[in-house]
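Novice:
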Amino acid sequence: MAQDSRTDTSRFPPPPYFDTQELRHTLTALFNTHGNAAEARPAVIERLKFLVKAARGTARLQLEADGNGRRCATGLARFQDELVRLLYDYTVTHVYRATNPSDAERMAVIATGGYGREMLAPGSDIDLLFLLPYKQTPWGESVAEYMLYLLWDLGFKVGHATRTVDQCLKLALADTTIRTSLLDMWLIHGDAQLYAELEQRFRDEVIRGSERAFIDAKMAERSERHRRAGESRYRVEPNIKDGKGGLRDLHTLHWLSKYLLGHEVGPQTVAKGIFTKEEAATFRKCEDFLWTVRCFLHFYTGRPEELLSFEIQPVLAQKLGYRDKAGLRGVERFMKHYFLVAKDVGDLTTILCSALEIQQMKSSPVFDGIFNPLSWMTRRQIREKTDFRIDNGRMNIADPDVFKRDPVNLIRFFAQAENTNTFLHPNAIRQLRHSHRLIDDKLRQDPEANRIFLKLLTGHVNPEATLRRMNDAGVLGRFIPEFGRVVAMMQFNMYHHYTVDEHLIRTVGMLTDIERGGSSGDLPLSTELIKTIQNRRVLFVAAFLHDIGKGRIEDHSIIGAEIAKKLCPRLGLTPAETDTVVWLIEQHLTMSNIAQSRDITDPKTVRDFADIVQSPERLKLLLLLTVADIRAVGPGVWNGWKGQLLRTLYAETEPLLSGGHTQAPRGTLVADAQAALRAALSDWPQADVDRFIDRHYPEYWLRTEPKRQLDHARLLRRAEQEGKTFAASHTTNAFTAITELTVFAPNHPRLLAHFAGACAANGANIAGAHITTTRDGFALDTFLLARGQGEDEDELRRARRIEETIERLLRGETWVAQLLANRRPVPPRVEAFTVPPEVFVNNALSDVFTVIEVAGRDRTGLLYELTTGLSDLSLDIASAHITTFGEKAVDVFYVTDLTNKKIESETRQDAIKDRLTKILEGPASQTL
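Mapped onto my numbering, the consecutive letters of the sequence shown carry residue numbers 47 to 974.
1) Is it true that the CB of Ala-815 sits closer than 8 Å to the CB of Ile-928?
2) Quick one: using the 10 Å Cβ neighbour count with 16 as the cut-off for buried, is Gln-239 buried or exposed?
3) So the candidates are Lys-290, His-297 and Phe-345; which of them puts its Cα closest to the Cα of Lys-99?
4) Considering Lys-666, what are the terminal residues of the alpha helix (DSSP H) in which it resides?
5) If the criterion is Cβ atoms closer than 8 Å, does the pair Leu-979 and Lys-264 meet it?
6) On the criterion of 16 or more Cβ atoms from any shown chain inside 10 Å, does Ser-603 qualify as buried, or is it exposed?
7) Under a three-way DSSP split, which group does Val-304 fall into?
8) Measure the alpha-carbon distance for Glu-127 versus Thr-139 and round it to whole angstroms.
9) Please classify Thr-945 as buried or exposed, where buried requires at least 16 neighbouring CB atoms within 10 angstroms.
10) Using 10 angstroms around the beta-carbon of Ser-188, count the other beta-carbons present and answer buried if the total reaches 16, otherwise exposed.
11) Buried or exposed: Trp-198, going by 16 or more other Cβ atoms within 10 Å of its Cβ?
12) Give me, in chain order, the residues of the same chain whose beta-carbon lies closer than 8 Å to that of Ser-740; leave out the 5 immediate sequence neighbours on both sides.
13) Taking only the alpha-carbon atoms, compute the straight-line gap between Arg-903 and Ala-957 and give it to the nearest angstrom.
14) Using CA coordinates, which residue listed in Gly-689, Thr-771 and Gly-255 is at the minimum distance from Arg-677?
15) Does DSSP put Phe-469 in a helix, in a strand, or in coil?
16) State the DSSP-derived secondary structure class of Trp-232, mapped to helix, strand or coil.
17) Looking at the unbroken alpha helix (DSSP H) that takes in Ala-867, where does it start and where does it end?
18) Please report the distance separating the alpha-carbon of Ala-372 from that of Arg-379.
19) As a quick exercise: from Thr-573, Gly-563 and Ile-457, pick the residue whose alpha carbon is nearest that of Leu-516.
20) Could you check what DSSP says for Tyr-696 in three-state terms: helix, strand or coil?
21) Give the straight-line distance between the Cα atoms of Leu-200 and Val-391, rounded to the nearest whole angstrom.
22) Asp-645: buried (16+ other C-beta within 10 angstroms of its C-beta) or exposed?
23) Which of the three DSSP states, helix, strand or coil, is assigned to Ala-259?
24) Going by beta carbon distance, what residues of the same chain come within less than 7 Å of Gln-394, once the five residues before and after it are set aside?
25) Do you know offhand how far Gly-530's Cα is from Asp-370's?
26) Which first and last residues belong to the beta strand (DSSP E) in which Arg-209 is found?
27) Would you report the Cα separation of Asp-50 and Leu-362, rounded to the nearest angstrom?
28) DSSP state of Tyr-544, grouped into three classes?
29) Measuring CB atoms only, is the stretch 554 to 571 touching the stretch 663 to 673, in the sense that at least three cross pairs come out at less than 8 Å?
30) Tell whether a beta-carbon distance below 8 Å holds between Val-628 and Leu-619.
31) Given a cut-off of 8 Å on the beta-carbon distance, is the pair Leu-133 and Leu-196 in contact?
32) Can you tell me where the alpha helix (DSSP H) holding Pro-446 begins and where it ends?
33) Could you tell me if Asn-811 is buried or exposed, where buried requires 16 or more neighbouring beta carbons within 10 angstroms of its beta carbon?
34) In the DSSP assignment, what are the bridge partners of Arg-435?
35) Using a Cβ-Cβ cut-off of 6 Å (strictly less than) and excluding sequence neighbours within five positions of Phe-772, which residues of its own chain qualify?
36) What whole-angstrom Cβ distance do Ala-641 and Leu-585 have, given they're in contact under 8 Å?
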């Protein structure tokens with residue numbers, strides 16, 4: 047609030063945007079030339095627009111030259127100060143001159159909010175308070191209004207208020223947002239005495255005595271903001287302002303410091319013991335980095351964009367000087383730096399909030415006294431038998447030398463916190479951060495340290511939370527250096543939602559959830575199997591390590607297996623356990639790839655998979671790891687269709703591995719599925735149910751989840767009752783970001799191409815497909831479409847348009863080429879990625895069919911182009927397996943020639959590869 051507490055900008059002199067005195071003369075001359083304010087206004091606006099454009103251009107050039115976002119933001123704020131002063135002086139001199147100056151005709155123009163901190167991004171709002179004395183006159187309102195219209199005409203978005211001192215105080219007491227904005231108020235121009243009165247009374251009448259309530263409100267606001275932006279700070283498209291670990295978290299620390307101490311984070315907070323000198327320096331470093339990224343982001347997009355989206359990340363990485371290095375692309379190195387900064391911001395927030403709670407400025411997370419779940423006996427035992435103690439419900443260290451005296455305490459500390467279900471004391475967190483050098487090879491080889499860690503990793507309490515605590519404290523990455531390499535590492539693709547370290551920790555958490563039965567409805571088989579595995583710790587260790595080889599040139603599964611081969615004995619696993627973990631990591635993608643990209647009803651597919659797995663126990667472990675891995679990728683990646691495919695592959699493979707003796711042979715599974723359908727349709731006439739069941743081959747019952755079977759039955763019955771050979775249905779789900787479209791129609795060779803073309807013509811990107819043919823020659827296909835940005839009703843309208851388009855295509859009323867003539871072939875977000883095209887033709891994967899697998903960058907209409915190309919090559923598609931991994935499409939087709947033979951000719955195989963590669967490389971125009 048006080049002028050001497052404003053952000054220190056002494057290192058950054060104001061850029062020479064304009065000569066203030068000269069401009070005043072220029073505006074006066076324009077006024078005198080035109081004779082009045084109304085006539086002069088267009089010329090004044092034109093001159094000021096030139097000024098604003100020049101100032102922004104200078105700021106951008108300076109930013110690109112020195113990469114200093116703080117300098118840029120400070121310079122823009124200082125320019126804004128000068129501009130506001132210029133507008134005020136022009137207004138009160140030429141437009142609304144006070145003819146009879148009195149005590150009422152006074153005004154203070156004050157910057158508030160972010161502007162008050164003297165930090166403006168190129169797209170920031172300008173927050174102004176026009177402060178008037180207790181006695182208002184039309185003069186004050188007119189001056190404020192005229193200035194606002196000038197600022198709006200110049201293109202600024204202005205948050206504004208015109209109030210008296212009493213009004214400001216009354217609103218600040220009632221509204222935390224207004225109170226927060228006034229914390230950083232700063233007199234730009236006008237009556238200094240009026241401003242001083244507001245500043246003093248705000249401190250005395252609003253802040254004093256309300257500290258605890260303000261802290262509670264800010265913490266609640268922060269939690270809600272994180273919930274809206276995505277709870278994890280490791281989302282790969284972070285919001286730089288409102289996301290966890292972003293600028294708003296730094297602002298929160300700034301507000302709390304300002305409210306309690308009257309000073310921003312800096313020497314005063316260090317002197318008061320809130321932050322150490324190193325932590326205050328970290329705050330400044332994080333703020334510098336985030337402001338640099340934000341200013342580049344605003345300039346590049348030309349708008350107040352706060353999301354670091356995939357399209358923007360490579361551009362910013364290049365502008366900020368990040369280059370490809372050591373197996374990581376420049377964009378991945380840039381984002382790793384971002385996430386490390388976000389982690390530091392999180393650490394600072396945890397330390398300050400914990401310190402405030404301990405000072406009883408905020409309600410403690412646990413009750414003290416007799417209501418504390420930890421008895422006095424437990425506290426006493428911890429104090430007497432360990433190097434730790436519980437202070438204010440938080441796990442603390444007994445003295446500063448605890449970790450130095452016995453480095454194993456660096457691991458033991460987290461075990462004690464987990465066992466007592468306590469938060470971490472800020473003093474302990476600080477000491478952990480300062481003790482990283484103690485985590486050396488000697489500690490890493492210490493049997494007791496490894497025993498404790500393995501127990502934590504494979505524990506039944508909450509291994510995910512404990513691993514995340516260790517990771518946030520920097521202990522995990524140093525104790526397991528290979529894990530340290532993937533901390534804050536992002537994979538630049540649209541499939542993975544989190545950084546590698548966060549994904550690994552979440553995978554462990556998913557296993558715990560399955561074990562506790564938390565997802566029994568979605569994962570019935572996994573929930574039962576996890577109770578029967580012989581060695582659960584190999585599963586948890588494999589989950590923790592399965593992607594630890596990411597970020598290197600070699601295959602991450604192979605590198606990860608090599609890491610596990612060395613690490614597992616250190617952790618205390620037996621040679622047999624180590625072999626199992628190594629195998630699980632090597633094969634952790636195999637079951638998912640086969641389930642989603644192969645015909646799992648083909649006996650050879652199942653035999654080949656069984657040859658890889660070799661034992662029922664490994665099959666169980668691989669299924670559980672696969673499920674946990676997919677579910678930990680991010681929201682909406684897992685769905686019931688994938689679950690059904692994995693259950694079917696398990697059911698088909700298990701008899702081969704158990705010698706043919708199984709509780710659920712293939713025939714039984716089919717019969718059980720049909721019986722379940724009959725039970726669900728008990729109110730139908732039996733003849734109707736029989737007719738639906740008789741239409742399907744056994745494979746349908748193995749590959750189709752029960753809910754979809756019911757939907758299909760209702761769809762076919764409706765078509766039958768209406769006497770139609772075409773029918774469709776659709777649903778949408780905002781959480782999974784998928785719209786499901788099912789179509790029933792007479793089958794013919796180009797039907798799949800028509801379906802895919804209709805989706806493409808309506809701007810729908812196919813994320814997956816479930817292709818079925820009935821015994822009586824009909825196609826029953828379900829497409830999973832990626833949702834757009836609209837509401838549910840928008841999605842449903844698009845689905846209805848697709849249905850209508852398919853029907854028109856089947857009737858011959860239109861052609862796909864005509865519909866696709868003006869479409870955009872690649873969705874905007876996907877354009878940021880490069881996926882080399884690949885085409886494989888394989889006759890060894892099936893006894894009956896040639897298997898064609900294609901992979902390339904996804905785009906709207908790709909499936910239509912591929913299926914059309916296959917039809918043009920006189921190939922008959924028996925089944926198609928459509929999978930999308932973010933921006934990468936992997937489509938597998940089981941085909942024969944028109945005589946139902948495999949494609950044996952190498953010449954013809956080369957022609958297939960050439961045609962499909964050209965499709966993958968370019969837009970549809972070359973094949974339509």
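For each residue, glycine too, the CB sits at the ideal point set by N, CA and C.
Specialist: Taking the coordinates as given:
1) yes
2) exposed
3) Phe-345
4) 662 to 677
5) Any question about residue 979 goes unanswered here, given that the chain covers just 47 to 974.
6) buried
7) First, the residue type needs correcting, since residue 304 is Lys and not Val in the sequence shown. In the structure shown, Lys-304 sits in a helix (DSSP, three-state: H, G or I).
8) Note on residue identity: the sequence assigns Asp, not Glu, to residue 127. C-alpha separation (whole angstroms): 18 Å.
9) exposed
10) exposed
11) exposed
12) The residue you asked about is not Ser; residue 740 is Asp in the sequence shown. So the qualifying residues of the chain are Arg-821.
13) 21 Å
14) Gly-689
15) strand
16) strand
17) Where Ala-867 is concerned, there is no enclosing alpha helix (DSSP H), given that its DSSP letter is neither H nor E.
18) 10 Å
19) A quick correction: the sequence has Met, not Leu, at residue 516. Checking every option, the nearest Cα to that of Met-516 belongs to Ile-457.
20) helix
21) 36 Å
22) buried
23) helix
24) The question names Gln, but residue 394 is Leu in the sequence shown. Result list for Leu-394: Leu-299, Glu-325, Thr-328 and Phe-329, in chain order.
25) 19 Å
26) 204 to 210
27) Residue placement at Asp-50 cannot be trusted, given a pLDDT of 39 that sits under 50; what the coordinates show is reported in the next sentence. Going by the C-alpha atoms only, they are around 35 Å apart.
28) strand
29) yes
30) no
31) yes
32) Element bounds for Pro-446: n/a, residue is neither H nor E.
33) buried
34) Asn-442
35) Ala-791 and Glu-853
36) About 19 Å separates the two Cβ atoms, so there is no contact after all.
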